[in-house]
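Participant: Residue numbers (the numbering used here): 363 to 573.
If you scroll down you'll find the structure; I have some questions about it.
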Amino acid sequence: MHRLAVWMQEVVVPMLGPPGLFIVAFLDSSFVSIPELNDLLVVGSATAHPSAAWLYVLMATLGSVAGCSLLWWLGGRGGEAVLSRRFGSERVERVRAAFRRWDVLALAVPALLPPPMPFKIFVLSAGVFGFSFRRFLLTLLLARGVRYSFWAAMGLLYGDQALALLLAADVWFAARAPLLLAVVGTALVLALALAALKRRTRESPGIGGLP
């Protein structure tokens, strides 16, 4: 796997440019798991080609979404039995509970966060549990776009130092993953609750509107 990652990093992307990053992102999000490689390639590409940084972000985002869409389709065709055989029934039940409780956030948060946050189980589960493809697509486009845009910006601002920052951030996150996930989840739920409350307040008739 290490050799494959090195080959993609040193041959595929330099030779093909942005389309090469699309291929790497597609493979990573579908059949092959190479943690952090997309982030590293986005940082390195933005540093080496500042004027084309947006294009590398776009290709990484579209490639990742395309690979995830394939897993969503396979999840919908393979059913829950296949999902349980691959990940275990206990993990599948936890993911089901996450979708019931957090809805779109159960997919958006793993798409935003780096390893060791699991991701593919949520993508497959979205297909198995009947998560609509339109919502699936919009969620991943936004989440992956934000993630890769952030690391491209780091590459533009800090150059090669951004690579060290990325690796340090992954180590720091891995040591604090449960706490950070709880904080992020709580913050997102509170934000959604406040937005829903404001919406209901605007839609509710005031006293003057009573018959």
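The beta-carbon is built from N, C-alpha and C at its ideal position, and this holds for glycine as well.
1) Check whether the Cβ atoms of P380 and M421 sit closer than 8 Å, and answer yes or no.
2) Would you say the segment 513–523 touches the segment 401–410, given that touching needs at least three Cβ pairs under 8 Å?
3) Can you give me the C-alpha to C-alpha distance between P330 and K482, rounded to a whole angstrom?
4) What did DSSP end up calling P376 once you bin it into helix, strand or coil?
5) Taking the C-alpha atoms as reference points, what is the distance between S337 and V419?
6) In whole angstroms, give me the CA-to-CA distance for L559 and L503.
7) Tell me the start and end of each unbroken alpha helix (DSSP H) in the segment 412–459 that is at least 4 residues and wholly inside, in chain order.
8) Can you find the residues in the same chain that come closer than 8 Å, C-beta to C-beta, to L433, ignoring five residues on each side of it along the sequence?
9) Let's test the definition: count the other Cβ atoms within 10 Å of the Cβ of T501 and tell me whether it reaches 16, buried, or not, exposed.
10) Taking all protein chains shown into account, do 16 or more other C-beta atoms lie within 10 angstroms of the C-beta of I569, making it buried, or fewer, making it exposed?
11) Suppose you measure from the CA of W513 to the CA of S451; what does that come to, to the nearest Å?
12) Thinking C-alpha only, which one of F461, R506, A468 is nearest T423?
13) Is A387 near S426, with beta carbons less than 8 Å apart?
14) Can you tell me whether I396 is helix, strand or coil according to DSSP?
Facilitator: Based on what the coordinates show:
1) By one-based count along the sequence shown, residue 380 stands at place 18. By one-based count along the sequence shown, residue 421 stands at place 59. Yes, the Cβ-Cβ distance between P380 and M421 is below 8 Å.
2) yes
3) Residue 330 is absent from the structure shown; the chain starts at 363 and stops at 573.
4) Position 14 of the sequence shown holds residue 376. Reduced to three states, the DSSP call for P376 is helix.
5) No information on residue 337 is available, as it lies outside the stretch 363 to 573 that the chain covers here.
6) Translated into the one-based positions of the sequence shown, residue 559 becomes position 197. Translated into the one-based positions of the sequence shown, residue 503 becomes position 141. Distance between the alpha carbons of L559 and L503: 27 Å.
7) 415–449
8) Numbered from its first residue, the sequence shown carries residue 433 at position 71. Counting only Cβ-Cβ distances below 8 Å, and skipping sequence neighbours, we find S391, S392, K482, V485, L486, G489.
9) Counting from one through the sequence shown, the residue named residue 501 turns up at place 139. That one is buried.
10) Taking the first residue of the sequence shown as 1, we reach residue 569 at position 207. For I569, the predicted structure reports a pLDDT of 44, less than 50, and the residue's modelled location is therefore unreliable. A value from the coordinates is still provided. Flag for I569 reads exposed.
11) Position 151 of the sequence shown, counting from 1, holds the residue named residue 513. Position 89 of the sequence shown, counting from 1, holds the residue named residue 451. Looking at the two C-alpha atoms, the distance is approximately 35 Å.
12) For this step, residue 423 is matched to residue 61 along the sequence shown. For the residues F461, R506, A468, the minimum Cα distance to T423 belongs to R506.
13) As a first step, residue 387 is located in the sequence shown; it is residue number 25 there, counting from the start. As a first step, residue 426 is located in the sequence shown; it is residue number 64 there, counting from the start. Yes. Within cutoff.
14) Stepping through the sequence shown from its first residue, residue 396 is reached at position 34. If DSSP states are grouped into helix, strand and coil, I396 belongs with coil.
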